[in-house]
Amino acid sequence: MEKTKNLEKLFNIISRILEIDISIINSKTSPDNIETWDSYNGLMMVSELESIFNVHFTMDEVVGVRNVGDIIKALKKHGVDL
Amino acid sequence: MNKKELINKRIIKIAILSSFTIKGIKETLQVKAAKTNLLTEFYVGGYNQYAQEIFDPNSALYKFNPDLIIIFLDTIAILGDHYFLPYKISDKKRRIWTDEKIVEIANLAEKITETCQAKVILHNLEKPIYSPLGLVENKQDIGYLESIEIINNSLRDRFKKNNQVYIFDYDAFCSQIGKQNILDYKMYYLGDMKLNLKYLPNLCDQYMAYVQSIASMTKKCIVLDLDNTLWGGVIGEDGLEGIELGPTPEGRPFMEFQKLLLSLFHRGIILAVNSKNNYDDAIDVFENHPNMVLKENHFASMQINWKDKVTNMRALAKKINIGLDSMVFIDDDHMNREMMKEFIPEVTVVDLPKDSALYVKTLTNLKLFDSMIITKEDRQKGQMYTEEKNRQKLAQVAIDLTEYLRKLKVKVVFDKPNPVNIPRIAQLTQKTNQFNMTTKRYTEEIIGQFVKDKNYQVIAIHVSDKFGDNGLTGLAIVEKKDIRIWRIDSFLLSCRIIGRKVEETLLAYIIKVAKSNKAHFLRGEFIPSKKNKLAEEFYQKCGFKKLKNKDKTHVWEFDLKCEFPFPDFIKFKINK
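The listed protein sequences correspond, in order, to chains B and V.
The C-terminal position of the first sequence is numbered 81 in numbering that gives the first Met the number 0, with every residue numbered one higher than the one before it.
The C-terminal position of the second sequence is numbered 575 in numbering that gives the first Met the number 0, with every residue numbered one higher than the one before it.
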């Protein structure tokens, strides 16, 4: 239950900031296939994720993200049930 | 947004220049401006390009022709090496460095004032909280942190008398947020962000005060309703002695509200009245109420009549000869406000709270008149307009209210009298003055007798619309003694629902009932009183023929062979 809820939250954040339809988001979604995923929106997502899931990413984690799958991994690492 | 609005609305052009990555401010400010109904256009300077853009008179900055230029210089960028190694140089050199920085920053703003008319918001510097000298930082001849204070103080003093440049106390802003939180180091390293993204809305709130001020330079006139706006109660109902205005808990909010309006008049804001009232009743208050702060001579023009407020507003704009977009409308009645928004979107409509205790607060929170400069001429403007009061009659612009009423979704419920509503029914007969055909006053006991008597029918109406419930606000008492000729003994409506076709709905219901009981005629009477002139022509408008004048009473008759349909956009329900 918690798991699906968190995934929904995550996808909502991504959809809102990148202004894309939630249905097209999957773990392969990345700056390579989403035009609006620029460096600024990337940072916006970091800021939103940190405040909504109450976590703090390290700089290496932020720089290491290549796609949505990596975001999920990073959140799991901080104990978010996904 | 329709075309008309776009033409009439001024677009505020805002340029943002900074020494770092500025993304996000534009977006946030745009949303905030839109929320206050302001249209904005933005120019965002290139990353750390501010000096070039300011010093080149042909730059894209000046081509943009901004109304407002925000210069956000961050301490880290301005200080450069000094930020980490402030004591690499001697105190003496630091003094020279400080003076240079003051000139450097001030020059930016001064160059803009030489080149264009835009207002400038110049940030001062966030004073750091860390010094390598720690406890002895303030024992220096000129300390590092002290040097930032000197820069900030000098900038403030330098522009005190300048009407184009405003120093924004960013250091105070940072203190308010908490300097510990202002920088998100990760974001700073990743994206050169000098302000944590989550505080952008706070910063933009501060900017908005300036933006609104620029936009409001065009707001010149406050148009006021009277009943329950300038005083408590309804003059036409409560009379000079009955309205709330004076040193009582209920009267003080109105008195102080008037004082505040007077203070705006003194700084050059034009005042006007737009009220549905009998002219003489209303003027009586201005002339004879001892606690009236505002007098007739404070108003450039007064529209006091029974026309709709939209028509009156247009008339005021013509009479005073100012644009509708420079007018602000203050009225306690939600429906009047919505109507104004609908028909004249250029007019700024203030959402006055229901509680009169909050009127003063609402007015002081309006940033609409908050211009950045006030000249002596400005201060006299209100007076000037009053003196040149133009009393010429104007052709009235009629509007189609049907469409509006349709949107209002008025709902009328016909209620049978019962022990719960009889006290209210009696109260209505006693308190209603304006839309009251016969002004017959009845007690609860008499109403109770009418209800029991088969020769009478008491019809109460409950009125609501999309904005809320007006409660039990209308009443008719019909006499059916003569089966062929029914007679309307009382017909009245509380003034807050007049003019919404509710009166026609009530009459249509009576006609329907009379027809189904095989009556032939319906008679109605109008007995003139001091206050019911408004209702005088009602029966005539509804197709009644005048039979006779008996003493002062006008007797009207409706032939029940004729049709009288319900207004088609009013929903009604009949409670059994």
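Even for Gly, the Cβ is constructed at its ideal location relative to N, Cα and C.
If you're wondering where the values come from, they're calculated on a predicted model, not measured in any experiment.
What does residue i pair with, by DSSP beta-bridge criteria?
i	result
Phe413 of chain V	V:Ile460, V:Ile573
Ala475 of chain V	V:Ile458, V:Phe490
Lys465 of chain V	Its beta-bridge partners do not exist; DSSP assigns none.
Val54 of chain B	Beta-bridge pairing links Val54 of chain B to no other residue.
His122 of chain V	V:Phe167
Asn548 of chain V	V:His553
Ala14 of chain V	V:Tyr42, V:Ile68
Phe328 of chain V	V:Val222, V:Val348
Gly470 of chain V	V:Val462
Asp558 of chain V	V:Phe520
Trp230 of chain V	V:Asp226
Is DSSP giving residue i helix, strand or coil here?
i	result
Arg522 of chain V	strand
Asp488 of chain V	strand
Asn11 of chain B	helix
Ile496 of chain V	helix
Val222 of chain V	strand
Thr431 of chain V	coil
Glu243 of chain V	strand
Val309 of chain V	helix
Ser274 of chain V	strand
Met436 of chain V	coil
Ile303 of chain V	strand
Phe298 of chain V	strand
Asp452 of chain V	coil
Asp59 of chain B	helix
Ile268 of chain V	coil
Trp96 of chain V	helix
Gly235 of chain V	helix
Ile24 of chain B	coil
Met254 of chain V	helix
Arg34 of chain B	Before going on, a small fix: residue 34 of chain B reads as Glu here, not Arg. Three-state DSSP puts Glu34 of chain B in coil, outside helix and strand.
Gln51 of chain V	helix
Let me confirm a value: residue i is counted as buried when at least 16 other C-beta atoms fall within 10 Å, else exposed. Which label applies?
i	result
Ile128 of chain V	exposed
Asn417 of chain V	exposed
Met254 of chain V	buried
Val309 of chain V	buried
Tyr184 of chain V	exposed
His461 of chain V	buried
Asn277 of chain V	buried
His297 of chain V	buried
Gly235 of chain V	buried
Leu471 of chain V	buried
Pro352 of chain V	exposed
Ser46 of chain B	buried
Ile10 of chain V	exposed
Ile13 of chain B	buried
Cys494 of chain V	buried
Arg65 of chain B	exposed
Asp350 of chain V	exposed
Asn432 of chain V	buried
Counting only Cβ pairs nearer than 7 Å, list the residues of chain C close to residue i.
i	result
Val61 of chain B	Among the chains of the structure shown, chain C does not appear; the protein chains present are B and V.
On the three-pair Cβ rule with 8 Å, is the stretch 264-271 of chain V touching the stretch 186-206 of chain V? no
Between the stretch 171-203 of chain V and chain B, which residues of the former have a C-beta closer than 9 Å to a C-beta of the latter? Asp183, Tyr184, Lys185, Met186, Tyr188, Leu189, Gly190, Met192, Asn195, Leu196, Lys197
Interface positions of the stretch 20-43 of chain B facing chain V (Cβ-Cβ less than 8 Å), listed along the chain: Ser38, Tyr39, Leu42, Met43
Name, going along the chain, the residues of the stretch 12-33 of chain V whose beta-carbon falls closer than 7 Å to a beta-carbon of chain B. Lys22
Using 8 Å as the threshold, is the stretch 142-149 of chain V in touch with the stretch 21-38 of chain B, meaning 3 or more CB pairs across them? no
Decide if the stretch 555-569 of chain V is in contact with the stretch 310-326 of chain V; the criterion is three or more beta carbon pairs, one per stretch, under 8 Å apart. no
I'd like to know if the stretch 85-100 of chain V and the stretch 26-45 of chain V are in contact, where contact means that at least 3 CB-CB pairs between them fall below 8 Å. no
Segment contact flag, the stretch 51-67 of chain V with the stretch 79-87 of chain V, C-beta cutoff 8 Å, min 3 pairs: no
Contact the stretch 505-515 of chain V vs the stretch 418-425 of chain V: 3+ CB pairs below 8 Å: no
Contact the stretch 514-524 of chain V vs the stretch 479-486 of chain V: 3+ CB pairs below 8 Å: yes
Does the pairing of the stretch 15-31 of chain V with the stretch 44-55 of chain B give three or more beta-carbon distances under 8 Å? no
Touching or not, the stretch 446-460 of chain V and the stretch 548-564 of chain V, by the rule of three or more beta carbon pairs under 8 Å? no
Taking 8 Å as the threshold, find out whether the stretch 93-113 of chain V comes into contact with the stretch 152-164 of chain V through three or more Cβ pairs. yes
For the stretch 1-18 of chain B, enumerate the residues whose C-beta is nearer than 8 Å to any C-beta of chain V, in chain order. none
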